[in-house]
Amino acid sequence: MHSVNIAEWILALVTTRDRAASTVGDLTEGAATRGVVWFWSGVLRTAASLLWRDVAEQPARVTGLAFLGLAVYIGIDLVFAGLSGVAFLRTAVASGHPLHLDSIGWKLWFTAPVLVSSLLIGRMLAHCAPRRELAACVVYAILASVYNLVPMLGDNGAFSALLCIVIVPAWAAWGRDRRLRAT
Amino acid sequence: MHAAPSLGEFEQIVLLAILRLRDNAYGVTIGAEITACTGREPAPGALYTTLDRLEDKGLVTSRLGDPTPQRGGRAKRYFVLNSKGLAAIARAQQSYRRLLEGCELPGLTYA
């Protein structure tokens with residue numbers, strides 16, 4: 001069943017492949033009498049518990065890595081802000097009239113630092129926290145969301161926060177998947 | 184010398200269920216045994232996290248059984264207490280017993 005493979009993939013993000021497979025087997029056996037809602041509830045609650053265990057067992061390391069990721073993100077954000085300022089001035093002086101910052105070109109330019117930093121940080125966290133990639137990335141995604149959403153901090157908006165939440169864990173999950181396939 | 188691992192209440196329950204089930208202790212039967220003996224149905228998340236933790240602590244060992252069709256071709260993971268696990272659960276239960284000595288509880292009598 002395709003959905004069972006998805007459940008196994010979800011659990012393999014937070015535990016070993018063998019453990020994920022046997023856990024999904026147990027839940028499949030239980031689902032025969034309790035139904036599909038119980039099955040998915042079991043999968044998601046087990047994944048959440050294992051993810052929390054990864055954070056709780058080494059809270060200082062996981063949180064430290066997440067803050068390191070945030071520092072890299074802020075650094076890239078500041079470099080792009082500086083480059084944007086220079087680009088504004090040069091373009092405004094050359095054209096002789098005010099710039100339209102809501103144009104698609106500028107919007108893509110402002111999204112670039114989030115995309116670049118998310119890919120970079122996801123890869124960095126996957127490399128620095130083997131077996132705990134997702135835990136570090138989830139803590140980072142929470143911190144980056146706060147940074148992006150809270151006025152007077154990054155204030156980059158909900159779209160940037162969403163990109164961090166989706167791209168960083170997805171990138172780390174992909175890195176973990178590659179590492180497990182290689183071993 | 185390593186300090187003996189301390190056991191939480193749920194860890195003790197899981198270890199005792201594994202001990203009772205002997206050669207047939209895997210996720211489903213452990214959950215059912217706990218429900219039958221305590222009247223509480225363990226959440227899958229709590230059960231599997233605890234089993235992983237007990238194995239990581241070196242208190243239980245696991246082996247994979249044969250894949251079966253009713254489990255989508257996935258193998259059962261059988262758990263068994265090793266000597267370290269037996270010593271840990273015995274020590275924890277002795278502590279409970281010492282604490283209970285002289286106490287009067289409804290339905291329980293300890294000399």
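Residue numbers (this note's numbering), protein chains in the order written: chain A, 1 to 183; chain B, 184 to 294. In this text, a Cβ means the ideal position worked out from N, Cα and C, and glycines have one as well.
| query | result |
| --- | --- |
| Three-way DSSP call (helix, strand, coil) for B/Gly-268 in this model | helix |
| Other residues of its chain near A/Ala-12: CB distance less than 6 Å, five sequence neighbours each side excluded | Ala-20 |
| Supposed close pair B/Tyr-231, B/Gly-210 - CB separation, criterion 8 Å | 7 Å |
| Straight-line gap, B/Arg-205 to A/Ala-47 (C-alpha atoms, nearest Å) | 28 Å |
| Three-state secondary structure (DSSP) of B/Ala-208 | coil |
| Chain B within 7 Å of A/Arg-178, Cβ atoms only | no |
| Interface flag, A/Glu-29 vs chain B, CB-CB below 7 Å | yes |
| Every unbroken beta strand (DSSP E) inside the stretch 219-281 of chain B [3 residues or more] | 243-251 and 257-264 |
| Where B/Leu-190 sits in the DSSP three-state scheme | coil |
| Touching by the beta-carbon criterion (3+ pairs, under 8 Å), the stretch 259-269 of chain B and the stretch 278-288 of chain B | no |
| Backbone CA spacing between A/Val-36 and B/Gly-241 [nearest angstrom] | 34 Å |
| A/Ser-49 at chain B interface by Cβ criterion, 7 Å | yes |
| Whether A/Gly-64 touches A/Ile-121 by CB criterion (7 Å) | no |
| Residues near A/Ala-173 in its chain [Cβ-Cβ closer than 6 Å; skip 5 each side] | Leu-13 |
| Contact check, B/Pro-227 vs A/Arg-45, beta carbons under 7 Å | yes |
| Beta-carbon contacts of A/Ala-31 that lie in its chain and below 7 Å, excluding the five residues immediately before and after | Trp-38 and Phe-39 |
| Touching by the beta-carbon criterion (3+ pairs, under 8 Å), the stretch 74-88 of chain A and the stretch 107-114 of chain A | yes |
| Cβ-based neighbour list, B/Pro-250, same chain, cut-off 8 Å, excluding 5 preceding and 5 following | Gly-256, Arg-257 and Ala-258 |
| Proximal residues to A/Ile-204 (C-beta, below 6 Å), its chain only, five neighbours per side dropped | What the structure shows of chain A is the stretch from 1 to 183, and residue 204 of chain A is not part of that stretch, so it cannot be assessed. |
| B/Glu-287 in three-state terms, based on DSSP | strand |
| Where B/Asp-235 falls, given that 16 or more other Cβ within 10 Å makes a residue buried | buried |
| A/Val-138 to B/Cys-286 span [Cα, whole Å] | 48 Å |
| Pairwise C-alpha distance: A/Thr-15 and A/Ser-3 | 18 Å |
| Cβ shell of A/Asp-26 (< 6 Å), same chain only, five flanking positions each side left out | none |
| Contacting residues, own chain, Cβ-Cβ under 8 Å from A/Val-24 (five flanking each side not counted) | Val-4, Ala-7, Glu-8, Leu-11 and Val-43 |
| Per-residue DSSP class, three states only, for B/Gln-195 | helix |
| Element boundaries [alpha helix (DSSP H), containing A/Ser-160] | 158-182 |
| Under 7 Å between C-beta atoms of A/Val-62 and A/Ala-135 | yes |
| Within chain B, the residues that A/Thr-46 reaches when beta carbons sit closer than 8 Å | Pro-227, Gly-228, Tyr-231 and Thr-232 |
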